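First the structure, in the form of structure tokens, and then the observations on it.
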Amino acid sequence: VRLTRADLDALPSYVPGRNPTDLARELGLPEAIKLASNEVPYGPLPGVVEAVTEAAAGVHRYPDMGVVTLRNALAERYGVDPDRVATGCGSVALAEHLARATSLPGDEVLYSWRSFEAYPIIAATSGATSVQVPNDAGHGHDLTAMAAAVTDRTRLILVCTPNNPTGTALRKAELDRFLDAVPDDVLVVIDEAYREFVTDPEVPDGLTYLDRPNVAVLRTLSKAWGLAGLRIGFLVAQPEVAAAVRKVVTPFSTSMVAQAAALAALAQADEVERRCALVVAERDRVTEALRKFVPEVPTSQANFVWLPLRDRAVAFGKACESRAVIVRPFPGDGVRVTIGTPAENDAFLAAAEAALA
Ligand code: PMP
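Residues in the sequence shown are numbered consecutively from 11, following full-length UniProt numbering.
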């Protein structure tokens, strides 16, 4: 007998970055370096561990399901009304809730490809049909082709800027034009998981588009804010959209510990800015070094870089692992490498040079 949906068999699984402890053991080394999941390498922000410890004393109770204190703090920081904010178990869960809140079987979820690997899974599990528009020659979204791919079945468009895994970010003029072209009854989600690493002044902040009725912005505390392990992201949208998401969210999925940690992290905005500046300086250094071997490396606005190695991607990933550096190959397409500490990046660059020179 078959108990689960047959269509799931064809669905690719989400692949997490490899565990560095396992690789180190395999290589007989004390440690390995993980540059595979776009985490920031500097540890939890000051005050976070204390906040987690304090919150731990109350974990026999359910958390605040309305996430009121944290939603208020987010609303204040980003200058929006708390009604427009919803939190979730990572922004990936919020993207899934948005698909569930907008799309029925037969509806279309549109996004650029290659982009965040969770998008096809999210579209499929909501029962909707994925419509993938190939990236342009510069490895970014082709917004003209995406606008042309909208049909009367399109319910949700996922725009990823900066784009995971290529690092490319959309400019204001092209995003304006795209949003003007999309019908008002299609929700456009601007996924800005990497917004804090953007340095190009031409790249607009998605939150500046919230006066448009059909735009929603996704952010996460996993990357720049250093809370990947606690699973917390947030959505800012029209109040009706945020309310619909809060309705479909799994009850209590923003844990008490995550809420406390997020509040402590938000109090450290200056430190976040300082850490992001270190990451950005390293990103630019690593990009320049890689372009000696792969001139096509796109300019990244995120905390990772993309090597469009195509059929050499898997071999490059293996070569890095043999030197105790875990990167993220996408077979046949390219390799994404997270920016780590300067020493970690040097270890990666040495491995890359050995593999590519
Ligand atoms: N969006 C993008 C573009 C991402 O790269 C990621 C993380 N890989 C997420 C969303 C989800 O992050 P999280 O669930 O940790 O908030």
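Just so it is clear, CB atoms sit at the ideal spot from N, CA and C, and this is done for glycine as well.
Every value quoted in this text rests on a predicted model; they were computed, and no experiment measured them.
*What number of angstroms, rounded off, separates the C-alpha of Glu36 from the C-alpha of Ala334?*
Within the sequence shown, residue 36 is the residue found at index 26, counting from 1. Within the sequence shown, residue 334 is the residue found at index 324, counting from 1. Those two C-alpha atoms are separated by around 10 Å.
*Please say whether Val290 and Val315 have beta carbons closer to each other than 7 Å?*
For the purposes of this step, residue 315 is taken as residue 305 along the sequence shown, with counting starting at 1. For the purposes of this step, residue 290 is taken as residue 280 along the sequence shown, with counting starting at 1. No, the Cβ-Cβ distance between Val315 and Val290 is not below 7 Å.
_Under the three-state DSSP convention, the category Ile167 falls into_ = On the sequence shown, residue 167 is found 157 positions in, with the first residue counted as 1. Correct three-state label for Ile167: strand.
*Which two residues bound the contiguous beta strand (DSSP E) that contains Gln142?*
Residue numbering aside, residue 142 sits at position 132 when the sequence shown is read from its first letter. Looking at the DSSP string, the run of the beta strand (DSSP E) that includes Gln142 is 139 to 144.
*asked:* Quick check on DSSP: helix, strand or coil for Val255?
replied: The count along the sequence shown starts at 1 and reaches residue 255 at position 245. DSSP places Val255 in helix when its eight states are reduced to three.
*Whose CB is closer than 6 Å to a heavy atom of the ligand PMP? List the residues in chain order.*
Asn48, Gly100, Ser101, Val102, Phe126, Cys170, Asn174, Asp201, Ala203, Thr230, Ser232, Ala238, Gly243
*Touching by the beta-carbon criterion (3+ pairs, under 8 Å), the stretch 51 to 71 and the stretch 269 to 276*: yes
*Quick one: Cα of Ala41 to Cα of Pro341, how far?*
Numbered from 1 along the sequence shown, position 31 holds the residue referred to as residue 41. Numbered from 1 along the sequence shown, position 331 holds the residue referred to as residue 341. The question names Ala, yet the displayed sequence has Glu at residue 41. Glu41 and Pro341: Cα-Cα distance of roughly 26 Å.
*On a CA-only basis, which of Pro211, Pro30, Ala268, Ala96 is nearest Gly239? Give me that one, please.*
Start at 1 with the first residue of the sequence shown, and residue 239 comes out as number 229. Looking at the Cα atoms, Ala268 is the closest of the given residues.
*Can you round the beta-carbon distance between Ala105 and Ala128 to whole angstroms, since I take them to be within the 8 Å contact cut?*
Counting from 1 along the sequence shown, the entry for residue 105 is found at position 95. Counting from 1 along the sequence shown, the entry for residue 128 is found at position 118. Correct: roughly 7 Å between the Cβ atoms.
*Just grab the DSSP bridge partners of Trp316 for me.*
By 1-based counting over the sequence shown, the position of residue 316 is 306. Arg346.
*Compute the Euclidean distance between the alpha carbons of Gly350 and Val11, then round it to the nearest angstrom.*
Against the sequence shown, residue 350 aligns to sequence position 340. Against the sequence shown, residue 11 aligns to sequence position 1. Distance between the alpha carbons of Gly350 and Val11: 48 Å.
*Report yes if the CB atom of Glu208 is closer than 7 Å to the CB atom of Gln311, and no otherwise.*
Position 198 of the sequence shown, counted from the start, is the residue given in the question as residue 208. Position 301 of the sequence shown, counted from the start, is the residue given in the question as residue 311. It should be noted that the sequence gives Val, not Glu, for residue 208. Contact flag set, yes.
*For Ala147 versus Phe188, is the C-beta distance shorter than 7 Å?*
Numbered from its first residue, the sequence shown carries residue 147 at position 137. Numbered from its first residue, the sequence shown carries residue 188 at position 178. No, the Cβ-Cβ distance between Ala147 and Phe188 is not below 7 Å.
*Hey, Val196 and Thr164 are a contact pair by Cβ (cut 8 Å); roughly how many whole angstroms apart?*
For the purposes of this step, residue 196 is taken as residue 186 along the sequence shown, with counting starting at 1. For the purposes of this step, residue 164 is taken as residue 154 along the sequence shown, with counting starting at 1. Correct: roughly 5 Å between the Cβ atoms.
*Would a C-beta distance cut-off of 7 Å place Leu185 and Tyr121 closer than the cut-off?*
Position 175 of the sequence shown, counting from 1, holds the residue named residue 185. Position 111 of the sequence shown, counting from 1, holds the residue named residue 121. In this structure, Tyr121 does not lie closer than 7 Å to Leu185 by Cβ.
*Answer with buried or exposed for His107, where buried requires no fewer than 16 other C-beta atoms within 10 angstroms of its C-beta.*
The sequence position of residue 107 within the sequence shown is 97, counting from 1. His107 should be labelled buried.
*Can you give the beta carbon distance from Ala252 to Lys233, rounded, assuming they're within the 8 Å contact cut?*
In the sequence shown, counting from the first residue as 1, residue 252 sits at position 242. In the sequence shown, counting from the first residue as 1, residue 233 sits at position 223. Between Lys233 and Ala252 the Cβ distance is about 22 Å, and since that is not below 8 Å, they are no contact.
*Go to Pro130, then tell me how far its beta strand (DSSP E) extends in each direction, as first and last residue.*
By one-based count along the sequence shown, residue 130 stands at place 120. No beta strand (DSSP E) contains Pro130, which is instead part of the alpha helix (DSSP H) from 128 to 135.
*Residues sharing a beta bridge with Leu228, DSSP*: As a working note, residue 228 is residue 218 in the sequence shown. In DSSP, Leu228 forms a bridge with Asp201, Leu245.
*asked:* I'd like to confirm the pairing. Which residues does DSSP put opposite Lys44 in its beta bridges?
replied: One-based indexing of the sequence shown puts residue 44 at position 34. BP columns for Lys44 point to Ile336.
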